[in-house]
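Colleague: With the first letter of the sequence shown counted as 1, position 265 gets the number 272 in the working numbering; the numbers rise by one all the way through.
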Amino acid sequence: MKRLLATALCAVTTLAGSYTHAAQPVSEAKKAELRTVAMNPKLTKDERIAAIKGMYPEMLNEDGTIPARRICVWDIAGKNGPIYNAAVDQTAELLRWGVQVELDAYTSESVLTEELKAGMCDAALFTGLRARLFNKYTGTIDAIGAVPSRDHMKLLMTAITSPKMSDRMTEGQYVVMGYAPMGAAFIFVNDREINTLAKAAGKRVAVLDYDLVQAEMVSQIGANPVPTALVNAGTKFNNKIVDVLAAPLAAYSIMELYKGLGDNGGIVDYPFSQITLQLVGRADKFPAELAQLVREDFLTRFETIEKLVKAQEGDIPQQYWIDIPPEDKAEYQVMMQEARLQLRARDYYDAEMLKLQRKVRCKFEPTHFECANPVE
Numbered sequence: 008m009k010r011l012l013a014t015a016l017c018a019v020t021t022l023a024g025s026y027t028h029a030a031q032p033v034s035e036a037k038k039a040e041l042r043t044v045a046m047n048p049k050l051t052k053d054e055r056i057a058a059i060k061g062m063y064p065e066m067l068n069e070d071g072t073i074p075a076r077r078i079c080v081w082d083i084a085g086k087n088g089p090i091y092n093a094a095v096d097q098t099a100e101l102l103r104w105g106v107q108v109e110l111d112a113y114t115s116e117s118v119l120t121e122e123l124k125a126g127m128c129d130a131a132l133f134t135g136l137r138a139r140l141f142n143k144y145t146g147t148i149d150a151i152g153a154v155p156s157r158d159h160m161k162l163l164m165t166a167i168t169s170p171k172m173s174d175r176m177t178e179g180q181y182v183v184m185g186y187a188p189m190g191a192a193f194i195f196v197n198d199r200e201i202n203t204l205a206k207a208a209g210k211r212v213a214v215l216d217y218d219l220v221q222a223e224m225v226s227q228i229g230a231n232p233v234p235t236a237l238v239n240a241g242t243k244f245n246n247k248i249v250d251v252l253a254a255p256l257a258a259y260s261i262m263e264l265y266k267g268l269g270d271n272g273g274i275v276d277y278p279f280s281q282i283t284l285q286l287v288g289r290a291d292k293f294p295a296e297l298a299q300l301v302r303e304d305f306l307t308r309f310e311t312i313e314k315l316v317k318a319q320e321g322d323i324p325q326q327y328w329i330d331i332p333p334e335d336k337a338e339y340q341v342m343m344q345e346a347r348l349q350l351r352a353r354d355y356y357d358a359e360m361l362k363l364q365r366k367v368r369c370k371f372e373p374t375h376f377e378c379a380n381p382v383e
């Protein structure tokens, strides 16, 4: 976790720092030829960078220097958090490449999101749930129950990092420049009796304050949605304002959720979804070919990032885990599939990403019920 943003920034600015000024405009035919080189992972990075810098001379200043870039970082602890501090530590190395980077920390994802939209940020690092607002395809990676384990996630990220998938990474004014695993989200409850959806009826469930669809889904099971921001979700759980909270295991320590668990609470031992951090840039600041190289760099660091995440999770006492019988897990899978289908119909989830995730699941478990009669 500590090195995650440093990894992202180093990759982005190292590659951007390789550009050299070109006085003559590039013809479309020449640009197409260079793009073939830039998007070929079998070639060396130097060859690909040379092609990229030949494609975009207009992105440089008149004197051939590299324009400064403002990177906005979501860190729940602000400038005291591990993600932001890793970025500060990286600044000296970035200067070696002649790149001036302005870093800003945000504890509020909503504020960061609006500043990216307004062009005040050239790129932003935030959760995949927020990334869905800029790219529905990668924003669906975090879909309910769609990625059962880290092995599924690794295969999925390998598939979408192929240059063949590059077009899906650009949507409107934005390009997805990287994605990283942040571990599974689990259901934290302040009463161990809340171990099924049926038993959540009448309970107060935390939902993201910007996501009306989440609130509707919670209402459908008879529970009471309580809008909340990520920055104060833990506080609401610890102060008994909400009874149920979906969160990554790292939140146990970072948000001190053990206070909300108390003596009667627990963690349902079944992953609700896999969480990601995603780096989204403005397409006019970061061309698609550069974004492809950055995504590939993210993928090479999958295991390293995963180890950092595991270290943040720490050791959770065994007493808090709520075991789920196999028959109940099967029921969970059916309910999660139904939820995904419903959200797909509402254009909340991307249908192509759901299909790819189903193929990944069937790769690991070909005899599963959804593989013989696929509906996703």
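Beta carbons are placed, not taken as given, at the ideal position from N, Cα and C, and that holds for glycine.
Using only alpha-carbon positions, find the residue among Y186, I167, K86 that is nearest to L132.
Modeller: Here residue 132 refers to the residue found at position 125 when the sequence shown is read from its first residue. Closest by alpha carbon: Y186.
Colleague: Measure the alpha-carbon distance for K247 versus A153 and round it to whole angstroms.
Modeller: Sequence index remark: in the sequence shown, residue 247 carries index 240 (1-based). Sequence index remark: in the sequence shown, residue 153 carries index 146 (1-based). Straight-line Cα distance between these residues: approximately 30 Å.
Colleague: Specify, as a first and last residue, the run of the alpha helix (DSSP H) that E122 falls within.
Modeller: Indexing the sequence shown from 1 puts residue 122 at position 115. Element bounds for E122: 116-124.
Colleague: So, helix, strand or coil for R353, using DSSP?
Modeller: Within the sequence shown, residue 353 is the residue found at index 346, counting from 1. Coil, per DSSP.
Colleague: In whole angstroms, what separates the C-alpha of D218 from that of L123?
Modeller: Looking up residue 218 in the sequence shown gives position 211. Looking up residue 123 in the sequence shown gives position 116. One C-alpha to the other measures close to 18 Å.
Colleague: With a CB to CB cut of under 8 Å and the five nearest residues on each side skipped, what residues in its chain are close to L363?
Modeller: Residue 363 sits at position 356 when you count from the first residue of the sequence shown. So the list reads L163, A166, I167, once near-sequence residues are dropped.
Colleague: Counting along the chain, where does the alpha helix (DSSP H) carrying S280 start and finish?
Modeller: Within the sequence shown, the letter at position 273 stands for residue 280. Segment 273-289 is the beta strand (DSSP E) holding S280; no alpha helix (DSSP H) there.
Colleague: Along the chain, where does the alpha helix (DSSP H) that runs through Y327 open and close?
Modeller: Taking the sequence shown and counting its residues from 1, one reaches residue 327 at position 320. Element bounds for Y327: n/a, residue is neither H nor E.
Colleague: Please report how far the alpha carbon of L348 lies from the alpha carbon of E121, in whole angstroms.
Modeller: Translated into positions along the sequence shown, residue 348 becomes position 341. Translated into positions along the sequence shown, residue 121 becomes position 114. Cα-Cα distance, rounded: 29 Å.
Colleague: Can you list, in chain order, the residues of its chain with a C-beta nearer than 7 Å to that of K161? Leave out the 5 residues immediately preceding and following it.
Modeller: Position 154 of the sequence shown, counting from 1, holds the residue named residue 161. Hits under 7 Å: F309.
Colleague: Note down the Cα distance separating R137 from V287, rounded to an integer number of angstroms.
Modeller: The residue labelled residue 137 in the question sits at position 130 within the sequence shown. The residue labelled residue 287 in the question sits at position 280 within the sequence shown. Going from the Cα of R137 to the Cα of V287 covers about 10 Å.
Colleague: Quick check on E65: does DSSP put it in helix, strand or coil?
Modeller: Residue 65 sits at position 58 when you count from the first residue of the sequence shown. Residue state, collapsed to three classes: helix.
Colleague: Could you please give the first and the last residue of the uninterrupted alpha helix (DSSP H) stretch that includes Y113?
Modeller: Within the sequence shown, the letter at position 106 stands for residue 113. It is not in any alpha helix (DSSP H) - Y113 instead sits in the beta strand (DSSP E) that spans 108-113.
Colleague: From the DSSP secondary-structure annotation, give me the bridge partner or partners of P234.
Modeller: Within the sequence shown, the letter at position 227 stands for residue 234. Paired residue(s): V214.
Colleague: Please classify A39 as buried or exposed, where buried requires at least 16 neighbouring CB atoms within 10 angstroms.
Modeller: Against the sequence shown, residue 39 aligns to sequence position 32. Answer is exposed; the Cβ neighbour count stays below 16.
Colleague: What do you get for D149, buried or exposed, if any count of 16 or more other CB atoms within 10 angstroms of its CB means buried?
Modeller: As a first step, residue 149 is located in the sequence shown; it is residue number 142 there, counting from the start. Under this definition D149 is a buried residue.
Colleague: Roughly how many angstroms separate the alpha carbons of E377 and R77, rounded to a whole number?
Modeller: Taking the sequence shown and counting its residues from 1, the one referred to as residue 377 is at position 370. Taking the sequence shown and counting its residues from 1, the one referred to as residue 77 is at position 70. Those two C-alpha atoms are separated by around 44 Å.
Colleague: Out of curiosity, what's the CA-to-CA distance linking M127 and G146?
Modeller: Walking along the sequence shown from the start, residue 127 turns up at place 120. Walking along the sequence shown from the start, residue 146 turns up at place 139. Answer to the nearest angstrom: the Cα atoms are 22 Å apart.
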